[in-house]
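Worksheet: the structure to be examined is printed underneath.
There are 2 protein chains.
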Amino acid sequence: MKLYGYYRSSTSYRLRIALNLKGLDYDIEPVNLLKSEQRGDAFRARNPFAGVPMLEASGRDRAQSMAILEWLDEAHPARPLLPADIEDRYICRELAMAIATELHAPLNLPVLKYLTNELEQDKEAVGIWYRHWLEKTLVPLEQRLEQLETGDFLFDRPGLFEAVLLPQVYNARRFDYDFAASPRITAIEEACLALPAFIAAHPDNQPDTPEKEKVL
Amino acid sequence: MKLYGYYRSSTSYRLRIALNLKGLDYDIEPVNLLKSEQRGDAFRARNPFAGVPMLEASGRDRAQSMAILEWLDEAHPARPLLPADIEDRYICRELAMAIATELHAPLNLPVLKYLTNELEQDKEAVGIWYRHWLEKTLVPLEQRLEQLETGDFLFDRPGLFEAVLLPQVYNARRFDYDFAASPRITAIEEACLALPAFIAAHPDNQPDTPEKEKVL
Numbered sequence: 001m002k003l004y005g006y007y008r009s010s011t012s013y014r015l016r017i018a019l020n021l022k023g024l025d026y027d028i029e030p031v032n033l034l035k036s037e038q039r040g041d042a043f044r045a046r047n048p049f050a051g052v053p054m055l056e057a058s059g060r061d062r063a064q065s066m067a068i069l070e071w072l073d074e075a076h077p078a079r080p081l082l083p084a085d086i087e088d089r090y091i092c093r094e095l096a097m098a099i100a101t102e103l104h105a106p107l108n109l110p111v112l113k114y115l116t117n118e119l120e121q122d123k124e125a126v127g128i129w130y131r132h133w134l135e136k137t138l139v140p141l142e143q144r145l146e147q148l149e150t151g152d153f154l155f156d157r158p159g160l161f162e163a164v165l166l167p168q169v170y171n172a173r174r175f176d177y178d179f180a181a182s183p184r185i186t187a188i189e190e191a192c193l194a195l196p197a198f199i200a201a202h203p204d205n206q207p208d209t210p211e212k213e214k215v216l
Numbered sequence: 001m002k003l004y005g006y007y008r009s010s011t012s013y014r015l016r017i018a019l020n021l022k023g024l025d026y027d028i029e030p031v032n033l034l035k036s037e038q039r040g041d042a043f044r045a046r047n048p049f050a051g052v053p054m055l056e057a058s059g060r061d062r063a064q065s066m067a068i069l070e071w072l073d074e075a076h077p078a079r080p081l082l083p084a085d086i087e088d089r090y091i092c093r094e095l096a097m098a099i100a101t102e103l104h105a106p107l108n109l110p111v112l113k114y115l116t117n118e119l120e121q122d123k124e125a126v127g128i129w130y131r132h133w134l135e136k137t138l139v140p141l142e143q144r145l146e147q148l149e150t151g152d153f154l155f156d157r158p159g160l161f162e163a164v165l166l167p168q169v170y171n172a173r174r175f176d177y178d179f180a181a182s183p184r185i186t187a188i189e190e191a192c193l194a195l196p197a198f199i200a201a202h203p204d205n206q207p208d209t210p211e212k213e214k215v216l
């Protein structure tokens, strides 16, 4: 498998975590979003959505991270990302989808660029926008986790939910979101960040991470 | 089952189509988004995400439409929304997720309200925003459908993809999107709109549809 991505793209980070959790081998092919490489003709011919991540696997260029997570579990059933029980699977997908649809999308780079360029919003206004959508989903997410009495992970080990959560928490910290009212979320963050699958997937540790940001 | 929704909410419309396609019985409980009923204490206690749709089913209040679609197929396997083949399932989810994550989210009512109220954008600017995100996903989606040589449906009969596509096409028409370059999408639209499952799910035909908009 070959993963086309960008070190700081949260959806690329999402797939790196999932591939690592499943113990699947993959090569990383960096695509520089700041240079708009994803909109070049060669890349667009393979992925008309012109975004990252793209996973080349089993003869297909796969372009949507949430669909890829489901595919990984179906095509490579060992070390599943989703729990086995139908109700647990629902809960896992509900919380992951809240992040992927309601939270991630308004914070995606193309949206932030539109706010800055077309709508001429300054950095402060973009920061307020960013934290507004974070709060709108992270507060109810924390309530759901409270109801479920979660500890280190949503279920007994990290999977699809944690692969979607951690990149968003990473982004939120870059935008100075206040996690004081999110003890369940930060407990999961802390537990995950100690694991090799998450450490290897972190934006600080990628082949395209700028030298001054590298940690490992 | 009881579906809490709003006649014009595209994610409520999505679930109505899916439930009809599967032939499952459900009652509709209207939630008036214009009166912010979804943010009332009683509703929020059941659904902290404070949005519609919410599906009360098998003893749980379910709050995320994409997770509910997956759950419906797992808990009620007859008349599946997803095809059986793993690669076809991937394709179906990829195209549905492109709409649910990249397209739907920036066009959601709370985002449009933020643009109007907090960012003081006028109706014209909101319309430009709306059509910008429609084009960004509907153009590559049309290319994917072209590659797949689709006819009336993505596969042999309508399912998860069509349940997600049709409500977005309905919204796009309300915002005067030009479908001239989308022949595959409009072919699927036309085929679906002729089917009882889609007719019964349409925003024109709901218990909370205002009298002047009712068709049936």
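Going down the list, the sequences are from chains R and P.
The first sequence runs 1 to 216 under UniProt numbering.
The second sequence runs 1 to 216 under UniProt numbering.
Virtual Cβ for every residue (Gly too), placed ideally from N, Cα, C.
Residue nearest to residue i in terms of C-alpha spacing, selected from the options
i	options	result
residue 162/R	129/R, 51/R, 193/R, 34/R	193/R
residue 131/R	118/R, 97/R, 23/R, 179/R	179/R
residue 148/P	88/P, 28/P, 66/P	88/P
residue 172/P	123/P, 111/P, 10/P	10/P
residue 183/R	4/R, 123/R, 139/R	139/R
residue 165/R	156/R, 137/R, 175/R, 181/R	137/R
residue 188/P	2/P, 170/P, 109/P	170/P
residue 152/R	29/R, 74/R, 191/R, 91/R	191/R
residue 1/R	54/R, 31/R, 41/R	54/R
residue 49/R	177/R, 214/R, 110/R	110/R
residue 4/R	57/R, 114/R, 211/R	57/R
residue 144/R	95/R, 211/R, 115/R, 74/R	95/R
residue 204/R	213/R, 6/R, 150/R, 186/R	213/R
residue 39/P	60/P, 70/P, 103/P, 51/P	51/P
residue 146/R	186/R, 26/R, 28/R, 101/R	186/R
residue 68/P	45/P, 86/P, 100/P, 42/P	100/P
residue 45/R	196/R, 61/R, 115/R	61/R
residue 73/R	15/P, 142/P, 63/P, 86/P	86/P
residue 176/R	91/R, 128/R, 206/R	128/R
residue 63/R	157/P, 91/P, 43/P	91/P
Min CB distance residue i to chain R below 8 Å
i	result
residue 149/P	no
residue 186/P	no
residue 106/P	yes
residue 100/P	yes
residue 121/P	yes
residue 14/P	no
residue 79/P	no
residue 94/P	yes
residue 74/P	yes
residue 26/P	no
residue 89/P	yes
residue 1/P	no
residue 114/P	yes
Short CB-CB distance (under 8 Å) between residue i and chain P
i	result
residue 70/R	yes
residue 189/R	no
residue 17/R	no
residue 4/R	no
residue 67/R	yes
residue 63/R	yes
Residue-level contact to chain C via CB, residue i, 8 Å cutoff
i	result
residue 52/P	Given the protein chain composition of this structure (R and P), no chain C is represented.
Environment of residue i [buried if 16+ CB atoms lie within 10 Å]
i	result
residue 17/R	buried
residue 65/P	buried
residue 118/R	exposed
residue 36/P	exposed
residue 106/R	buried
residue 70/R	buried
residue 34/R	exposed
Cβ-Cβ distance between residue i and residue j below 8 Å
i	j	result
residue 81/P	residue 159/P	yes
residue 198/P	residue 83/P	no
residue 201/P	residue 32/P	no
residue 168/R	residue 103/R	yes
residue 217/R	residue 208/R	Because chain R spans 1 through 216 in this model, residue 217/R falls outside it and cannot be assessed.
residue 141/R	residue 98/R	yes
Residue i beta carbon near the ligand NAP (any heavy atom closer than 7 Å)
i	result
residue 189/P	As far as ligands go, the structure on display features none, and thus does not contain the ligand NAP.
Which residues, in order along the region 125-143 of chain P, keep a beta-carbon less than 9 Å from a beta-carbon of chain R? Residues passing the 9 Å Cβ filter: 125, 128, 129, 132, 133, 136, 137, 139, 140, 141, 142, 143.
Mind checking the region 164-186 of chain P against chain R and listing, in chain order, the residues whose C-beta falls within less than 9 Å of any C-beta there? So nothing in the stretch comes that close.
Could you please tell me which residues of the region 30-51 of chain R, in chain order, have their CB closer than 9 Å to any CB of chain P? Residues 44, 47, 48, 49, 50, 51.
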